[in-house]
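Reviewing the structure listed below.
Numbering (the numbering used here), first residue to last: 8 to 241.
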């Protein structure tokens, strides 16, 4: 009964998350359609990759026909933060919890589901996480599939307009944080500047878009982590 209660509490927490995911995933579906994916392929991609930035990197890499190695590396780099979230959330799970539950909790982690899970008092019941994923993940995947389907039937001018929505979402994510944190602001400005520079400078401009993204992501994050490490609360 305890697991059943935890599951439905997770469903209640996951419903608003899933509705938000649906809107974002619809825009991602437009990008996926431009990359040539079918609704089924987009649905399966979202089932296996629960991250807007990760999926955006995936679809744009496919659109630019990068190699499989580049595709794997860029997806890993963009989604690397989930490794840290998994390690953090593992401390909220009882030591007696079987590995299979730990595995599926890790599989279902997203930024928002991590947020509601880590906020639970005491040890996290895996069924709470399952409940949140139960509604959030299907809405995320369905949104991508419907975005691709809409992209196939809507006029090109509408599709191009909808594809801009995703960029607006990313701006909405980084601007508030950049206003509060000077390090983030510097990182955003440097990223924009170097991204443009890499597209026009000799030698590096001949690299594929995937390799340029991998290099910039790793180098900028490593330099800033060294210069401005996150302060630990004592």
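For glycine and all other residues, C-beta sits at the position ideal for the given N, C-alpha and C.
Enumerate in chain order the residues of its own chain whose CB-to-CB distance from residue i is below 8 Å, with the five nearest sequence positions on each side excluded.
| i | result |
| --- | --- |
| residue 184 | 191 |
| residue 135 | 13, 14, 16, 17, 20, 124, 127 |
| residue 219 | 202, 205, 206, 211 |
Output needed for residue i: all residues of its chain with C-beta closer than 7 Å, excluding positions within five of it in sequence on either side, in chain order.
| i | result |
| --- | --- |
| residue 103 | none |
| residue 130 | 99, 100, 101 |
| residue 121 | 92, 96 |
Please list, in chain order, all residues of the same chain as residue i whose beta carbon is under 6 Å from its beta carbon, the five residues on each side excluded.
| i | result |
| --- | --- |
| residue 9 | none |
| residue 224 | 84 |
| residue 196 | none |
| residue 181 | 195 |
| residue 221 | 80, 81, 84 |
CA-CA distance, residue i and residue j?
| i | j | result |
| --- | --- | --- |
| residue 201 | residue 138 | 42 Å |
| residue 142 | residue 22 | 6 Å |
| residue 18 | residue 111 | 16 Å |
| residue 12 | residue 28 | 24 Å |
| residue 211 | residue 77 | 15 Å |
| residue 242 | residue 209 | Because the chain is modelled from 8 through 241, residue 242 falls outside the range shown and cannot be assessed. |
| residue 65 | residue 15 | 33 Å |
| residue 107 | residue 230 | 37 Å |
| residue 105 | residue 148 | 28 Å |
| residue 35 | residue 156 | 12 Å |
| residue 72 | residue 40 | 14 Å |
| residue 69 | residue 133 | 34 Å |
| residue 33 | residue 119 | 18 Å |
| residue 233 | residue 44 | 39 Å |
| residue 2 | residue 199 | The first residue shown for the chain is 8 and the last is 241, placing residue 2 beyond what the model contains. |
| residue 213 | residue 109 | 43 Å |
Meets three-Cβ-pair contact criterion under 8 Å: the stretch 48-64 and the stretch 76-91
Note that the stretch 48-64 touches the stretch 76-91; at least 3 beta-carbon pairs, one per stretch, sit closer than 8 Å.
Along the chain, which unbroken stretches of the alpha helix (DSSP H) at least 4 residues long are found entirely within the stretch 13-76?
Here the runs fully enclosed are 46-55, 59-70.
Check whether the stretch 39-51 touches the stretch 75-86, counting contact only when three or more Cβ pairs, one atom from each stretch, lie closer than 8 Å.
They do not touch, by the three-pair rule.
Would you list, in sequence order, the uninterrupted alpha helix (DSSP H) runs of no fewer than 4 residues that lie entirely inside the stretch 185-236?
The stretch 185-236 contains these whole alpha helix (DSSP H) runs: 189-207, 216-234.
Go through the stretch 93-174 residue by residue and report every complete run of the alpha helix (DSSP H) that reaches 4 residues or more, in order.
Correct list: 106-114, 118-125, 133-160.
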